[in-house]
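This is the structure we're talking about:
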C-alpha cells in the first residue's frame, strides 16, 4: 500500500512509525529538513522536504500512485488544500486533519467529499469526546464504542476493594458475576499484556479490558466494590483547543472551572463558553488551584501542552482527594505508565488520531480500529460482506490463530457476545481482537 | 476647524422636509373647513424658504467633509431648528398666547414625549391637531435617519450622524450601506403605521382619529386627539391593537426586520427582546392583578387596562386609558419607576432603555462573583457576545449621568416652585420622553399651568433625553471646541 503523509509532526511521525513497522510504502513530506533527517535515520520511509501544498512536491511524492494521502501538518489550511490537490492528482483516498471543529460539526454546510477530501478528522474533537465518555462513566479508564454503542470495550483498574480480585475467570463465570453481557479480552499487568483464559486469576492493580454489549447496565458495583462516583464539579487546567472543545461538551452537565495562564486565551474562552468559570492564573500553582476549590472537585483534567505538568498536577489533585484524574500527554511512551503512577487515564491525541486514521489502511471492509493503550493488540471491526468459510462454520471452527478473539458481533443493530457455536452471517459487524502479527491472517479471512 | 457648510446643507434640507410635512396637514384643515389653512400655509412657506435660503452660497473651498464634530453639530442644530420651526403653525394660528407654550408643545411632539399644554384638545382645529401628531411621527424614527435615507449626498458622514442621533450601546446595521439601512427602517416604520391605521379605522375610529393615533402610537409619542386620551375609546377592539402596536414600537427595529425576514432564530437570540417580553409580561400581570383587587373592573378589563398602562409607560408612549394614580400607593410607585425604564435600544422609545439596565444588572451580579474569584475572567455577554469595556463604561457613565441630570433637574424645578412629587415626576417624564407624570402633572392633568421657566427647563430635558444625553451635552464640553 502506498501512503503519503504530509506533515512530520506528532501525528505524522506516529503514523509513519506504526505503518513502517507493517512494511507499507510510506512517503513523508515536511518543510523542516532537520526533522526529516532524524526520521529517516530511524524509520524506513522516504522523506521529501518541501511545502505540502506545492504541486511539484506532491508530484515528487508520487501522489498519483498513492492509495492513501494523509494531510496532518499543523496548519489545517495546508491539510485541506494538499488533500484536495492530491485527490485531483490521483490519490485514491484522502484524509485531512483540521483544528476548526466547525468542519466536522453535524450539519456542516460544506460536503468535503465533494471537494475531494474523503475524511476530515479533528484529533482535539476526538479526544474531547473520549474525555466526555470517561467523565460520564467515571469508573472506566477507557471506553471505546462500536456501531454507536451497540458494542463497547471498557477498561477498569481493579482496586483492593474489588470482589473480582484473586479469583479466576472460570470461578467468576460460574458464580455468574461475569455473565453473557461481558467478556474480558485483555489484562494489562505491569506493562505486560495477558490474554485471559479460564484459569487466569485477576490481581489487584490489574487493568482489565472487557468487551460488552451493554456498558450502561454492567453490574459495576460487583466489579469495583463501591458505588459509582457521581461527578459534579470539574477543574480543567490549560486552556488550549482541547480544553475548549471538552468544556463545550461538559459545561452543560457539570460545573466546569478552567485555569489558564494566558490572558487573551482566557478572554477567548470566556467569550465562547457560556457556563464555565475561567480563571486567569498559572495551572502549576497549587495554591491557586486550592483557592479555586481543588479539594471539592470530583474530576481533574490536566490538558496543558506540557505532559510533565499534566502528570504532576494530576497526581497532586489525586492527593487532594479528587476522584477522577485525566491527563493529556504528548509522549506516547508515557501512556502505559498511567495506572502504575496513579493517574486514572492518560489521553494521547496522537494515538486517538492514529486509531481513527488506521481504519483507512486496513484491508477488507474495516469499519473501525482501536488500539488499546499499552496493550500490544488491536481491535478491528470488520463487516461480513460475502459468503465464504466464515459464514459456513461456527466461530470455534474458523482457521484463526489462538490469540485472536472474536469478541463481539453486531447483528441487526443488536450486540452479541458470541460463544464458540455462534455462526456469522452476511451483514454482521464483527469485532476482532488481534495481535499485530496475526492481523494479516484475520484480514485475509474477512476480505 | 469645524466646517459650516455641511451643517447648513443638512439643516436646510431637513427644514425643507419639515415644510413639506406641514403642507400635508392642509387637506385636513380644508376638509374639516377649519380656520387654520392660512397659518399652516404661511408656516410651511417660511420654513421652506428658510431651508432653501441657508443652503445657498456653497463655499468654493473643500471644507465639505462631515467629521465627528460636524456630525454632532448637525444633529443638535437640526433638532433645534426643527423644533423652532414646527412651533410656527401653533404661533401663526393664534391659539397660543404664550410663545413658550408653542415651543413646549412643539418640542414635546418632536421628542415623542407627549406632554401637552393644550387644555381642550378637542376644540383645536383639525389641521393643527394633525400637525401635532405628525411632529411625533417625524421625531419618532428620527429626522436624521430620514435625512440619511433620502439624502445621498451625505454618503460619507451618514454613519456619524446616525450614531449621534441614536447612540444606543449597540448599533446593528441591517444592511452594509447606511442609506439602505435607514431606508429599511423607515419602510418598516411607514408600513406598520399604515397597518395600524387601517386596523383602527376598521375597528370603529373615524379616519381622522385612526391616522392620528396610528402616527403617535408607532412613534411611542402619546398625543391623542381626545381630552381623555385613549380612555375615550374604552373598546377592546381598539385598545388591543394599540397595545400590540405600542409593544411593537418598543422592539428594536433590527429585531422586527429579522422577524419580517423570517429569521426567527435571530429574533430569539436577542437578549434584549427576551428581557423586554419577560419584563412586560411579569409587570403587566402584576398590575392587572392589583387592578382586579383594588377596583371593580372585570377580569378582561383589568388585564387590558393593566397591560395598556404598563406597555404605554415602558415604551414611553404615555397614552392613558385609566387614571393609574387611583390604584393604590404601591402601584403609583411602580408607575413612577417605569418612567426610568424605556423599551429596547433601536426602537422609537425614549428613556434609559432595557439593554442598559440589563448590562448594568449583569455587571453588578458579576461584581459579586469577582469578589469570590478574584482571578476569574468574567465578561458580560449580550446576545452571546462579549460587551467590551468601552461599551460597558459608556453605559455606566450614561446611567450615572442620567441619575445626575434627574437630581439636578428636580432641584432646579423645585426651586422654581414645584412640589416634590410633581417636580420629580415631571423631570423623569421629560427626560424619559414618556408624557404623563404624577402629582399635578398626572395622567389626567396637563402641563399648561407650569411657569415659563419650568417649561423651558423641561423642554431642554426632553431634547437631552431624546438624543440620549451625550449628543447635546458634548457641545458644552471644552473638548468639543478645542482645535485638536
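Protein chains in written order, with this note's numbering: chain A, 1 to 447; chain B, 1001 to 1484.
For each residue, glycine too, the CB sits at the ideal point set by N, CA and C.
Owing to the predicted nature of the structure, the values given are computational and were not obtained by experimental measurement.
> Any chance the region 150-169 of chain A sits against the region 200-217 of chain A, with 3 or more Cβ pairs inside 8 Å?
Replying inline: Flag = yes, the region 150-169 of chain A and the region 200-217 of chain A touch.
> residue 394 (chain A) bridges to which residues according to DSSP?
Replying inline: Answer by DSSP bridge pairing, in chain order: A:423.
>> With a threshold of 8 Å between beta carbons, is residue 381 (chain A) in contact with chain B?
In response: It does not; no Cβ of chain B falls within 8 Å.
> Since residue 1378 (chain B) meets chain A, which of its residues come closer than 9 Å, beta carbon to beta carbon?
Replying inline: Chain A residues near residue 1378 (chain B): 270, 277, 278.
>> Residues of the region 1360-1373 of chain B in Cβ contact with chain A at a cutoff of 9 Å, in chain order, please.
In response: Hits within the stretch, in order: 1369, 1373.
>> I'd like to know if residue 1375 (chain B) contacts chain A, where contact means its C-beta is closer than 8 Å to some C-beta of that chain.
In response: Nearest CB-CB separation between residue 1375 (chain B) and chain A: below the 8 Å threshold.
>> So that I know if they touch, is there some Cβ in chain B lying closer than 8 Å to that of residue 107 (chain A)?
In response: By this cut-off, residue 107 (chain A) is not an interface position.
>> Here's the rule I'm using: 16 or more other beta-carbon atoms within 10 Å means buried, otherwise exposed. How should residue 1071 (chain B) be labelled?
In response: Burial call: buried.
> Which residue or residues does DSSP assign as beta-bridge partners of residue 207 (chain A)?
Replying inline: The partner list for residue 207 (chain A) (beta bridge, DSSP) reads A:157, A:188.
>> Quick check on residue 1007 (chain B): does DSSP put it in helix, strand or coil?
In response: Three-state DSSP puts residue 1007 (chain B) in a helix.
> How about residue 102 (chain A): is its C-beta nearer than 8 Å to some C-beta of chain B?
Replying inline: For residue 102 (chain A), the closest Cβ of chain B is not nearer than 8 Å.
> At a Cβ threshold of 8 Å, is residue 1155 (chain B) touching chain A?
Replying inline: Note on residue 1155 (chain B): pLDDT 45, under 50, position unreliable in the model; no value is reported.
> What span of residues does the beta strand (DSSP E) with residue 327 (chain A) cover, start to end?
Replying inline: Segment 324-328, the beta strand (DSSP E) holding residue 327 (chain A).
> Residues of chain B with CB under 8 Å from residue 281 (chain A), in chain order?
Replying inline: Residues of chain B passing the Cβ test: 1375.
> Is residue 434 (chain A) helix, strand or coil when you go by DSSP?
Replying inline: Residue state, collapsed to three classes: strand.
>> DSSP three-state label for residue 8 (chain A), please.
In response: Coil, per DSSP.
> Is there a Cβ from chain B that is less than 8 Å from the Cβ of residue 251 (chain A)?
Replying inline: Not closer than 8 Å to any Cβ of chain B, the Cβ of residue 251 (chain A) fails to qualify, so no.
>> As a quick exercise: from A:292, A:299, A:283, pick the residue whose alpha carbon is nearest that of residue 307 (chain A).
In response: For residue 307 (chain A), the closest C-alpha among the options A:292, A:299, A:283 is that of A:283.
>> Here's the rule I'm using: 16 or more other beta-carbon atoms within 10 Å means buried, otherwise exposed. How should residue 1189 (chain B) be labelled?
In response: With 16 or more other Cβ atoms within 10 Å, it is buried.
> Which term fits residue 1112 (chain B), buried or exposed, when burial requires 16 or more other beta carbons within 10 angstroms of its beta carbon?
Replying inline: Classification for residue 1112 (chain B): buried.
>> I'd like to know whether the C-beta atoms of residue 270 (chain A) and residue 1378 (chain B) end up nearer to each other than 8 Å.
In response: Going by beta carbons, residue 270 (chain A) and residue 1378 (chain B) fall inside the 8 Å limit.
>> If I measure Cβ to Cβ from residue 1437 (chain B) and keep anything under 6 Å in the same chain, skipping five residues before and after, which residues do I get?
In response: Its chain contains 1425, 1426, 1429 as the residues whose beta carbon lies nearer than 6 Å to that of residue 1437 (chain B), once the 5 sequence neighbours on both sides are disregarded; these appear in chain order.
>> Assuming residue 247 (chain A) is part of the beta strand (DSSP E), what are its boundary residues?
In response: Per DSSP, residue 247 (chain A) is not a residue of any beta strand (DSSP E); the alpha helix (DSSP H) it occupies stretches across 241-250.
>> I need the boundaries of the alpha helix (DSSP H) containing residue 1466 (chain B), first residue and last residue.
In response: In this chain, the alpha helix (DSSP H) harbouring residue 1466 (chain B) covers 1452-1466.
> Three or more C-beta pairs closer than 8 Å, one from the region 302-321 of chain A and one from the region 262-278 of chain A: is that the case here?
Replying inline: These segments do not touch.
> Can you name the residues of chain B whose CB is closer than 8 Å to the CB of residue 266 (chain A)?
Replying inline: Near residue 266 (chain A) (Cβ distances below 8 Å), the residues of chain B are 1377.
> Under three-state DSSP, which class holds residue 1195 (chain B)?
Replying inline: In the structure shown, residue 1195 (chain B) sits in a helix (DSSP, three-state: H, G or I).
> When Cβ atoms are compared, which residues of the region 1262-1279 of chain B fall closer than 7 Å to chain A?
Replying inline: So nothing in the stretch comes that close.
>> Can you tell me whether residue 275 (chain A) is helix, strand or coil according to DSSP?
In response: Residue state, collapsed to three classes: coil.
>> For residue 1363 (chain B), which residues in the same chain have their Cβ closer than 6 Å to its Cβ, ignoring the five residues on either side in sequence?
In response: Cβ within range, chain order: 1380.
>> If the cut-off is 7 Å on Cβ atoms, which residues from the region 1381-1413 of chain B count as contacting chain A, listed in chain order?
In response: The residues in question are 1386.
>> Please confirm whether residue 290 (chain A) has its beta-carbon closer than 8 Å to some beta-carbon of chain B.
In response: Between residue 290 (chain A) and chain B, the shortest Cβ-Cβ separation is not below 8 Å.
> Do the CB positions of residue 1360 (chain B) and residue 1400 (chain B) come within less than 8 Å of each other?
Replying inline: Judged by their CB atoms, residue 1360 (chain B) and residue 1400 (chain B) are not nearer to each other than the 8 Å cut-off.
> Using the beta-carbon count (16 or more within 10 Å), is residue 1533 (chain B) buried or exposed?
Replying inline: Any property of residue 1533 (chain B) remains undetermined from this structure, which presents chain B solely from 1001 to 1484.
> Does the region 1188-1206 of chain B come within contact of the region 1098-1112 of chain B, defined as at least 3 CB pairs closer than 8 Å?
Replying inline: Result no; under three Cβ-Cβ pairs closer than 8 Å.
>> Relative to the C-alpha of residue 1010 (chain B), which candidate in B:1055, B:1047, B:1042, B:1201 has its C-alpha closest?
In response: Checked all of B:1055, B:1047, B:1042, B:1201; the closest Cα to residue 1010 (chain B) is B:1055.
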